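Residue numbers (the working numbering): 96 to 413. Built from N, CA and C at the ideal position, the CB exists for glycine as well. A quick note: this is a predicted structure, and the numbers were derived from the prediction, not measured. Quick notes on the structure that follows.
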């Protein structure tokens, strides 16, 4: 008799637990989304997982260890908020893939039972090339939008305005009046390029900024001095354009290698040695000197050729 009663109690407990789990699964909804469905090999994609549940329920966030054909780069953030009597939990993961093809992000199961729908992703080597499109630089990775909590958001604007006013009053009462910095005036494009190179060498900037600034100085010098406009062109196009400006083949090849190195540092996150940075700086400096010398010699020769007939006429007149 005792065993039979225990069996009935256990059966009722399991039935009640199953009903509670089923009801909880019906009240809880989950979803998954990505910011893009087509990526290049190794390109990051933002995976957003959302959970909607009653405000008084205790829901544990998703736990992801691995995804077939995808790699987890980072777990960016977790945002919780209450909306319309529901609690909403959003989780942000940054993933990528190095397997080309069409793959599916499988359904991700929540501990309480619900699971998300699968998402199809296309992983390709490269996008179709359109030569008619202008050249665009690589953009920075987009960050997750920041959202204040509802309680703090009520007072945020008043607090921010008060802090700005206090800062302005303190500055005008205690700050020293400093003279405005005068804009630098350069005698020529060559003097400007040389001065900017010197300032770059003395400045403490990051490695990627150092190489990017080298290319910027060279492009600006070529645009002002040699009328070579290349701001919207790749380094390969720039190398082809400046070929007539060089009489030193070895220096020309070295400059082409430096421009390729700068692209690697900027786009492929290549980490060069300190010696390479010094060598790149010297090649850019010699290239600017060589181009300036060539332009001056060409102008001098043209002037002498134009003055020669006038001299002959003067002799004949005598």
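For the candidate residues 296, 239, 199 and 126, whose alpha-carbon lies nearest to that of residue 174? For this step, residue 174 is matched to residue 79 along the chain shown. Comparing Cα-Cα distances from residue 174 to each of 296, 239, 199 and 126, the minimum goes to 239.
Taking the alpha carbon of residue 364 as the reference point, which residue from 336, 307, 339 and 321 has its own alpha carbon closest? Residue 364 sits at position 269 when you count from the first residue of the chain shown. It is 307 whose Cα lies nearest to the Cα of residue 364.
Touching by the beta-carbon criterion (3+ pairs, under 8 Å), the stretch 390-399 and the stretch 348-357: They do not touch, by the three-pair rule.
CB residue 312 to CB residue 383, shorter than 9 Å? Taking the first residue of the chain shown as 1, we reach residue 312 at position 217. Taking the first residue of the chain shown as 1, we reach residue 383 at position 288. Yes, the pair counts as a contact, with Cβ atoms nearer than the cut-off.
Buried or exposed: where does residue 266 fall if 16 or more other Cβ atoms within 10 Å of its Cβ makes it buried? As a first step, residue 266 is located in the chain shown; it is residue number 171 there, counting from the start. Around the beta-carbon of residue 266, fewer than 16 other beta-carbon atoms lie within 10 Å, marking it exposed.
Is the stretch 119-133 close to the stretch 144-154, with three or more CB pairs under 8 Å? Result yes; three or more Cβ-Cβ pairs closer than 8 Å.
What does the Cβ neighbour count give for residue 209, buried or exposed, with the cut at 16 atoms within 10 Å? Within the chain shown, numbered from 1, the residue matching residue 209 stands at position 114. Taking a 10 Å sphere around the C-beta of residue 209, we find 16 or more other C-beta atoms and assign the residue as buried.
Can you say whether residue 157 is buried or exposed, counting buried as having 16 or more other CB atoms within 10 angstroms of its CB? By one-based count along the chain shown, residue 157 stands at place 62. By the Cβ-count criterion, residue 157 is buried, with 16 or more other Cβ atoms from all chains shown falling within 10 Å of its own Cβ.
Residues near residue 138 in its chain [Cβ-Cβ closer than 8 Å; skip 5 each side]: Residue numbering aside, residue 138 sits at position 43 when the chain shown is read from its first letter. Result list for residue 138: 191, in chain order.
Shortest alpha-carbon distance to residue 134 belongs to which of 179, 177, 198 and 181? Position 39 of the chain shown holds residue 134. Checking every option, the nearest Cα to that of residue 134 belongs to 198.
Cβ neighbours of residue 220 in the same chain (closer than 8 Å, five flanking residues each side left out): Walking along the chain shown from the start, residue 220 turns up at place 125. Same-chain partners within the cutoff: 135, 136 and 195.
If we count the other Cβ atoms within 10 Å of its Cβ and call it buried at 16 or more, is residue 261 buried or exposed? Numbered from 1 along the chain shown, position 166 holds the residue referred to as residue 261. Its Cβ having fewer than 16 others within 10 Å, residue 261 is exposed.
Burial state of residue 359, where buried means 16 or more other Cβ atoms lie within 10 Å: Within the chain shown, residue 359 is the residue found at index 264, counting from 1. It counts as exposed.
Secondary structure at residue 392, three-state DSSP: helix, strand or coil? Position 297 of the chain shown, counted from the start, is the residue given in the question as residue 392. Residue 392 falls in the helix class under three-state DSSP.
With distances taken from CA atoms, which of 216, 154, 176 and 180 is nearest residue 141? In the chain shown, counting from the first residue as 1, residue 141 sits at position 46. Across the set 216, 154, 176 and 180, the C-alpha of 216 shows the shortest separation from the C-alpha of residue 141.
Could you check what DSSP says for residue 342 in three-state terms: helix, strand or coil? Indexing the chain shown from 1 puts residue 342 at position 247. If DSSP states are grouped into helix, strand and coil, residue 342 belongs with coil.
With respect to the beta strand (DSSP E) encompassing residue 124, which residues constitute its N-terminal and C-terminal limits? Position 29 of the chain shown, counted from the first residue, corresponds to residue 124. In the DSSP annotation of this structure, the continuous segment of the beta strand (DSSP E) that includes residue 124 starts and ends at 124-129.
What span of residues does the alpha helix (DSSP H) with residue 197 cover, start to end? Taking the chain shown and counting its residues from 1, the one referred to as residue 197 is at position 102. For residue 197, there is no enclosing alpha helix (DSSP H); the enclosing beta strand (DSSP E) covers residues 196-200.
Straight-line CA distance for residue 159 to residue 176? The residue given as residue 159 occupies position 64 in the chain shown. The residue given as residue 176 occupies position 81 in the chain shown. Rounded to the nearest angstrom, the gap between the Cα atoms of residue 159 and residue 176 is 21 Å.
Ignore the nearest five residues each way along the sequence and tell me which others in residue 401's own chain have a CB closer than 8 Å to its CB. Position 306 of the chain shown, counting from 1, holds the residue named residue 401. Beyond the five residues adjoining it in sequence on each side, residue 401 comes within less than 8 Å, by CB distance, of no other residue in the same chain.
Since residue 305 is in the beta strand (DSSP E), which residue starts that stretch and which ends it? Within the chain shown, residue 305 is the residue found at index 210, counting from 1. Under the DSSP assignment, residue 305 falls outside any beta strand (DSSP E), being part of the alpha helix (DSSP H) whose first and last residues are 302-320.
In this structure, does DSSP put residue 291 in helix, strand or coil? What you label residue 291 is simply residue 196 of the chain shown in a count that begins at 1. Residue state, collapsed to three classes: helix.
Within 9 Å, strictly: CB atoms of residue 182 and residue 170: For the purposes of this step, residue 182 is identified with residue 87 of the chain shown, where counting begins at 1. For the purposes of this step, residue 170 is identified with residue 75 of the chain shown, where counting begins at 1. No, Cβ-Cβ distance for residue 182 and residue 170 is not below 9 Å.
Quick check on the burial criterion: 16 or more other C-beta atoms within 10 angstroms. Buried or exposed for residue 362? Taking the chain shown and counting its residues from 1, one reaches residue 362 at position 267. With fewer than 16 other Cβ atoms within 10 Å, it is exposed.
Which same chain residues end up closer than 8 Å to residue 222 when comparing Cβ atoms and leaving out the 5 residues on each side of it in sequence? The residue given as residue 222 occupies position 127 in the chain shown. Once the five neighbours on either side are set aside, the close Cβ partners of residue 222 are 135.
Give the range of the alpha helix (DSSP H) segment to which residue 331 is assigned. Your numbering for residue 331 matches position 236 in the chain shown. 330-336 is the extent of the alpha helix (DSSP H) around residue 331.
Write down the C-beta distance between residue 314 and residue 326 rounded to the nearest angstrom, noting that I regard them as a contact closer than 8 Å. Position 219 of the chain shown holds residue 314. Position 231 of the chain shown holds residue 326. The C-beta distance from residue 314 to residue 326 rounds to 6 Å, short enough to meet the 8 Å contact threshold.
Cα separation between residue 370 and residue 228? Residue mapping note: residue 370 aligns to position 275 of the chain shown, counting from 1. Residue mapping note: residue 228 aligns to position 133 of the chain shown, counting from 1. Rounded to the nearest angstrom, the gap between the Cα atoms of residue 370 and residue 228 is 37 Å.
So is residue 154 buried or exposed if we call it buried at 16+ other beta carbons inside 10 Å? The residue labelled residue 154 in the question sits at position 59 within the chain shown. Residue environment: residue 154 is assigned as buried (16 or more neighbouring CB atoms within 10 Å of its CB, all protein chains considered).
Given residue 330, which residues of its chain have a CB within under 6 Å of its CB, disregarding the five upstream and five downstream residues? If you number the chain shown from 1, residue 330 lands on position 235. Same-chain partners within the cutoff: 354 and 358.
Proximal residues to residue 406 (C-beta, below 8 Å), its chain only, five neighbours per side dropped: Here residue 406 refers to the residue found at position 311 of the chain shown. No answer about residue 406 holds up, because its pLDDT of 47 lies below 50 and its placement is not dependable.
For residue 181, the first and last residue of its enclosing beta strand (DSSP E): In the chain shown, residue 181 corresponds to position 86, counting from 1. It spans 181-191 - the beta strand (DSSP E) in which residue 181 sits, taken as one unbroken run.
What's the gap between the Cα of residue 202 and the Cα of residue 250? Stepping through the chain shown from its first residue, residue 202 is reached at position 107. Stepping through the chain shown from its first residue, residue 250 is reached at position 155. When the Cα atoms are used, residue 202 and residue 250 turn out to be separated by approximately 40 Å.
Exposure label - residue 305; buried when at least 16 CB within 10 Å: Within the chain shown, the letter at position 210 stands for residue 305. Around the beta-carbon of residue 305, 16 or more other beta-carbon atoms lie within 10 Å, marking it buried.
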